[in-house]
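Below is one structure, written out as structure tokens, with a few remarks after it.
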Amino acid sequence: MCAQCMAAAATAAAGATGIRAWLGTRRWAWLTPRRLRRATVALLALGLVAAATLSGTG
7 MCAQCMAAAA
17 TAAAGATGIR
27 AWLGTRRWAW
37 LTPRRLRRAT
47 VALLALGLVA
57 AATLSGTG
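In my numbering, the protein residues as written are 7 to 64.
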């Protein structure tokens with residue numbers, strides 16, 4: 007794996023983790039622990055797809 011790909015993956019994971027942390031600090035009634043867990047999985051999956059799609063070599 008090239009350094010650029012690793013940097014893109016790390017950035018995507020950090021962004022997903024940051025959004026998840028931001029969501030976790032909110033006191034929304036609809037955001038139960040189960041939904042937060044699902045949001046975490048979805049955010050990490052989206053980050054992985056974005057890193058794989060946007061940082062590929064042409």
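All residues carry an ideal CB built from backbone N, CA and C; glycine is no exception.
For this session: Could you tell me whether the region 10 to 22 touches the region 42 to 58, using the rule of 3 or more Cβ pairs below 8 Å?
Result: yes
For this session: Put residue 33 into one of helix, strand or coil per three-state DSSP.
Result: For the purposes of this step, residue 33 is taken as residue 27 along the sequence shown, with counting starting at 1. Looking at residue 33 - three-state DSSP - the assignment turns out to be coil, as it is neither helix nor strand.
Exercise. Within 10 angstroms of its Cβ, does residue 49 collect 16 or more other Cβ (buried), or is it exposed?
Worked result: Here residue 49 refers to the residue found at position 43 when the sequence shown is read from its first residue. Buried, by the Cβ-count rule.
For this session: Under 7 Å Cβ to Cβ from residue 21, same chain only, skipping five residues before and after it: list those, please.
Result: As a working note, residue 21 is residue 15 in the sequence shown. The residues are 53.
Exercise. Between residue 45 and residue 23, what straight-line distance do the alpha-carbon atoms span, to the nearest angstrom?
Worked result: Counted from its first residue, the sequence shown places residue 45 at position 39. Counted from its first residue, the sequence shown places residue 23 at position 17. C-alpha separation (whole angstroms): 11 Å.
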